[in-house]
Amino acid sequence: MNTTTLTQQHRTAAANPSLGTLTTAVGIYGAYFALAAIYFWFGGMKFTQYEAEGLVPLVSNSPLLGWVYELFSVRTFSSMLGVLEVSIGLLIAGRLLSPKLSLVGGALSAGLFVTTLSFMFSTPGVIEPSLGFPAISVAPGQFLLKDLGLLALSIFVAGHSLTRLETR
3 MNTTTLTQQH
13 RTAAANPSLG
23 TLTTAVGIYG
33 AYFALAAIYF
43 WFGGMKFTQY
53 EAEGLVPLVS
63 NSPLLGWVYE
73 LFSVRTFSSM
83 LGVLEVSIGL
93 LIAGRLLSPK
103 LSLVGGALSA
113 GLFVTTLSFM
123 FSTPGVIEPS
133 LGFPAISVAP
143 GQFLLKDLGL
153 LALSIFVAGH
163 SLTRLETR
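Residue numbers (our numbering): 3 to 170.
Right, dumping it as structure tokens:
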């Protein structure tokens, strides 16, 4: 097959995408939208006293972040985290403007979810004592475990954005 034939086949496929191609495209852009929406929602909640207090057991037991309450009040730290999370959401949504923005957002998001997943090892009550390991509690265990999927989604967003930049 020559190059002209391959180009014609590519144009035909682009003009008549398969159900699998369409489903994948919906999934890709749905992933960006979902991750941005999660960040806007979770980030917005960080400005409430309710959410700020909910972070205390996670943050105060963390070897990585336990020191922050010595520098900032519970409410101030939560608000700073809210600014970070809303900013990450904006960067991920920025994919509409540039894959560079979503690449940065995906990378920051991955870092944030690695941090929150570390709470599984430092927060009391993750393991359900009546069942023993590997059984985990609903909260905080299952609440934190969902971040494994969000970490994978963050890596996908960063990788997809990087691939787009590389193919320009």
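In this text, a Cβ means the ideal position worked out from N, Cα and C, and glycines have one as well.
As the structure is a prediction and not an experimental result, all values here were calculated from the model.
Kindly give me the distance between the Cβ atoms of residue i and residue j, rounded to whole angstroms, as I take these residues to be in contact under 8 Å.
i, j, result
"Ser89", "Ala54", "In fact, because the Cβ distance is near 18 Å, the residues do not count as touching under 8 Å."
"Leu37", "Leu155", "5 Å"
"Pro142", "Thr118", "About 10 Å; that fails the 8 Å criterion."
"Ser20", "Pro101", "Not confirmed; about 24 Å, so no contact."
"Ala33", "Val159", "7 Å"
"Gly84", "Gly46", "7 Å"
Looking only at C-alpha atoms, which of the options sits nearest to residue i?
i, options, result
"Arg166", "Phe44, Ser104 and Gly29", "Ser104"
"Gly161", "Lys148, Phe135, Gly107 and Leu114", "Gly107"
"Phe49", "Thr78, Gly32, Pro59 and Phe35", "Thr78"
"Ser111", "Ala27, Tyr41, Pro19 and Ile129", "Tyr41"
"Ser120", "Ser62, Gly46, Ser132 and Ala17", "Ser62"
"Tyr31", "Phe44, Val85, Arg97 and Glu72", "Arg97"
"Ile157", "Ala109, Met82 and Pro131", "Ala109"
"Asp149", "Phe44, Ala27, Thr25 and Ala17", "Phe44"
Who are the Cβ neighbours of residue i in its own chain at under 6 Å, not counting the five residues just before and after it?
i, result
"Met122", "Val128 and Leu146"
"Leu152", "Phe115"
"Gly134", "none"
"Leu86", "none"
"Leu60", "Phe121 and Thr125"
Spatial neighbours of residue i within its chain, please: C-beta separation below 7 Å, excluding the five flanking residues on both sides.
i, result
"Val144", "Per the sequence presented here, residue 144 reads as Gln, with Val not at that position. Excluding positions up to five away in sequence, the list reads Ile138."
"Gln51", "Arg77"
Identify, in the order they occur along the chain, each residue of the same chain with its Cβ nearer than 8 Å to the Cβ of residue i, setting aside the five sequence neighbours on each side.
i, result
"Val76", "Ala54, Glu55, Leu57 and Val58"
"Met82", "Phe74"
"Glu130", "Ala137, Ile138, Ser139 and Gly143"
Closest Cβ-Cβ distance between residue i and chain D: below 8 Å?
i, result
"Ala154", "Among the protein chains of the structure shown there is no chain D, as only one such chain exists."
The region 90-100 touching the region 51-70, judged by at least three CB pairs closer than 8 Å: no
Would you list, in sequence order, the uninterrupted alpha helix (DSSP H) runs of no fewer than 4 residues that lie entirely inside the region 30-105? 51-62, 70-73 and 76-95
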